[in-house]
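Step one of this worksheet: look at the structure below.
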Amino acid sequence: MTQMTFGPAFTEEGILFRLWAPLHESVSLTIEGADPRQMQAVGGGWHHYTVADASVGTRYRFALPDGLEIPDPASRFQPQDVHGPSEVVDLSFCRWKTSDWTGRPWEEMVIYEMHIGCFTPEGTFKAAIERLDHLQALGVTALQIMPLSEFPGRYSWGYDGVLPYAPDSSYGRPEDFMALVDAAHQRGISVFLDVVYNHFGPDGNYIPSYAPLFTDHHKTPWGNGINYDGDGSEMIREFIIENAIYWITEFRLDGFRFDAVHAIKDDSAEHLLHALARRVRDAAGDRHVHLIVENEENDSDLLTRGENGEVKLFTAQWNDDVHHVLHITATGETFGYYADYAGDAGKLGRALAEGFVFQGEHMPYRGANRGRPSGHLPPTAFISFIQNHDQIGNRALGDRVLASSPADVVKAVAAIYLLAPEIPMLFMGEEWGAREPFPFFCDFDEDLNEKVRKGRREELSRLPGFDADDLLDPTAPSTFAAAKLDWSKLASSEVLDFYRTLLDLRHRRIVPLLKGAGTGNAVYRSAGSALAVDWTLAQNRRLHLHANVGAEVAPPVSQQDDGETIFRLGGSDGGNLSPWTVMWSIGEV
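In this text, residue positions in the sequence shown follow the numbering used here: the first is 46, and each later residue adds one.
Below is the structure:
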């Protein structure tokens with residue numbers, strides 16, 4: 046903690062409390078059970094005070110000149126939620142059982158997205174540990190945990206966090222999160238954290254009352270942008286970059302998923318995203334650390350590789366385009382943005398072979414061009430999925446519509462994305478065909494709750510599967526409770542064995558061909574619902590997909606591959622491909 050600029054620091058004289066509050070000349074420190082103490086202004090907007098008799102467990106606040114009491118913006122733990130006091134913790138006491146863990150190479154990743162509050166009935170870090178053996182047996186090699194930063198209320202998706210250094214107290218203590226990371230590493234599972242650096246939540250964010258957190262120079266969907274390039278921005282940037290370094294060094298995380306990076310506006314000489322990626326990798330040293338972006342603009346420049354294929358900035362991007370074409374294939378839905386991905390299997394072929402479907406072309410739903418060329422990137426620069434929190438939760442009922450599709454359809458789309466050379470990501474419960482919904486939920490005061498209800502009806506009405514008349518109340522406890530996984534259904538699942546078989550095959554036959562696979566070496570052909578894709582991978586091997594992603598018999602679009610067939614679902618009918626046929630083979634280039 047002494048190496049961090051923000052938050053309490055342990056010194057020989059006691060605990061040093063620090064607050065950067067450049068908008069005020071004086072600030073007081075309030076320790077629970079003691080009188081307020083005037084902090085010392087030490088220059089640059091900083092206020093310090095060392096307390097000799099403070100210790101681990103001490104609870105404290107800062108008081109501004111107008112009497113407003115605030116938590117530490119770099120609080121490590123908030124036992125009484127966002128408006129309560131901060132608590133001093135010392136994470137150096139953690140005794141790691143996996144102190145020699147250095148992570149896993151990117152090509153080995155099979156990612157599992159989870160929400161801690163809904164992953165188990167208890168909804169805690171400790172309870173999640175008890176389910177790790179299941180994930181290890183499934184073939185998962187990385188957890189991607191939805192945002193943990195302290196948020197207001199009893200439940201939230203996590204994207205309304207306001208104290209980015211403090212894991213939310215509803216899930217347990219920071220030490221409990223460290224135990225979860227350690228337990229995952231014991232099983233060979235990496236841990237990524239979803240972080241939100243594009244906005245702060247609307248309740249409990251006190252920073253604007255004492256520091257220039259926002260700027261009207263940039264606008265985002267949540268209002269004024271975070272001040273990453275204006276007056277006072279140097280310390281705002283440091284607050285965010287150190288937050289990422291904090292998670293990597295103190296909690297030994299293996300990387301991040303950065304939420305909506307297209308909404309991070311910065312005109313600095315070095316964009317925040319570039320500085321963040323550079324410093325996080327420096328802090329990680331020789332460990333494998335992987336950085337994932339969500340980017341609505343499909344800006345492939347963030348995924349640039351070096352001459353030898355090494356990652357320069359960000360490792361990969363969530364590829365919504367693959368989801369959209371597979372979702373249409375399985376469900377037939379063409380409402381909203383799905384309409385731009387409908388048609389023959391060619392769009393699926395392009396997504397699998399080149400990454401993005403839209404690489405600068407006009408997208409009717411957006412009314413503008415979208416994306417940049419991506420065919421020059423390796424397939425591992427893209428993360429594929431058929432479920433995630435957004436695509437489920439931004440439906441009126443939060444329903445997993447794909448899970449309700451016919452079994453042969455579900456198996457076909459799973460066999461495509463789990464064996465393709467892109468990095469696959471499952472959403473919690475998908476592996477056993479969970480039907481529990483994952484609707485949006487949050488817990489503010491009544492005024493904000495009503496604004497959320499209204500906003501969901503108005504702003505999301507254009508999204509697929511969103512009907513305002515059927516909208517669940519996102520603030521109701523029942524909405525949150527409905528999203529919790531029902532683990533009792535695991536034992537009766539017929540889908541689970543299929544997923545295990547696919548992931549075992551992936552680890553044995555596909556993963557060894559991904560390291561050093563090169564870039565821009567994929568081609569696709571399609572006609573109607575028939576599709577063929579070829580990837581040139583490592584070891585002079587060619588991976589071939591031959592599929593019919595439709596409900597009718599279809600003529601093939603290429604000759605049967607002469608390589609070794611490693612997987613077959615469906616087959617041929619008089620030389621044609623039967624409905625929902627998926628065949629994978631490996632041959633010589």
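For every residue, glycine included, the Cβ atom is placed at its ideal position computed from N, Cα and C. Computed from a predicted structure; not experimentally measured.
- The Cβ-Cβ distance between Val306 and Val338 falls below 7 Å.
- Annotation for Leu614: the continuous beta strand (DSSP E) segment containing it runs Glu609 to Leu614.
- For Ala256, the secondary structure class from DSSP, reduced to helix, strand or coil, is coil.
- Of the residues Gly184, Gly275, Pro197 and Asn566, the one whose Cα lies closest to the Cα of Leu588 is Asn566.
- Counting along the chain, Thr581 sits inside the beta strand (DSSP E) bounded by residues Ala575 to Thr581.
- Residue pairing by DSSP puts Gly632 in a beta bridge opposite Arg587.
- For Glu476, no alpha helix (DSSP H) segment is defined, and its DSSP state is neither H nor E.
- In this structure, Leu576 sits near Ala390, with a CB-CB distance shorter than 7 Å.
- When DSSP assignments are scanned along the stretch 164-192, the uninterrupted stretches of alpha helix (DSSP H) that are 4 or more residues long and fall wholly within it turn out to be 170-174 and 177-183.
- Residues Glu152 and Glu153 of the same chain have their beta carbon placed closer than 7 Å to that of Val556, with the five preceding and five following residues left out of the count.
- Gln436 sits in a helix when the DSSP states are folded into three classes.
- Relative to Gly563, the option among Arg554, Leu347, Leu530 and Gly420 whose CA is nearest is Gly420.
- Asn250 carries a coil assignment under DSSP once its states are collapsed to helix, strand and coil.
- From the listed residues His244, Leu183, Arg218 and Gln189, the smallest Cα separation to Val207 is found for His244.
- For Ala54, the closest alpha carbon among the candidates Ser137, Leu614 and Val127 is that of Ser137.
- In the DSSP assignment, Leu548 falls within the alpha helix (DSSP H) that extends over Val540 to Leu550.
- Going by C-alpha positions, Val594 is about 26 Å away from Leu183.
- Boundaries of the alpha helix (DSSP H) around Trp292: Ser278 to Glu295.
- Trp532 carries a helical assignment under DSSP once its states are collapsed to helix, strand and coil.
- In this structure, DSSP gives Ala322 a helical state, which the three-state scheme calls helix.
- Contact annotation: Leu517 and Arg502 have beta-carbon atoms that are not nearer than 7 Å.
- Counting only the Cα atoms, Ile115 lies some 40 Å from Arg445.
- Residue state for Trp625 is assigned as coil, using DSSP reduced to three classes.
- Between the alpha carbons of Ile252 and Val96 lies a distance of about 23 Å.
- If you keep only unbroken beta strand (DSSP E) runs of at least 3 residues inside the stretch 84-139, you get 85-88, 91-96 and 104-108.
- In the structure shown, Asp453 falls within a helical segment according to DSSP collapsed to helix, strand and coil.
- Within a 10 Å sphere around the beta-carbon of Val634 sit fewer than 16 other beta-carbons, which makes this residue exposed.
- Note that the stretch 530-547 touches the stretch 472-482; at least 3 beta-carbon pairs, one per stretch, sit closer than 8 Å.
- With contacts defined as CB atoms closer than 7 Å, Leu225 and Phe164 fail to qualify as a contacting pair.
- Per DSSP, Ile76 is one residue of the beta strand (DSSP E) stretching across Ser73 to Ile76.
- Ranked by how close their Cα comes to the Cα of Pro409, the residues Gly381, Asp80, Ile431 and Gly102 have Gly381 in first place.
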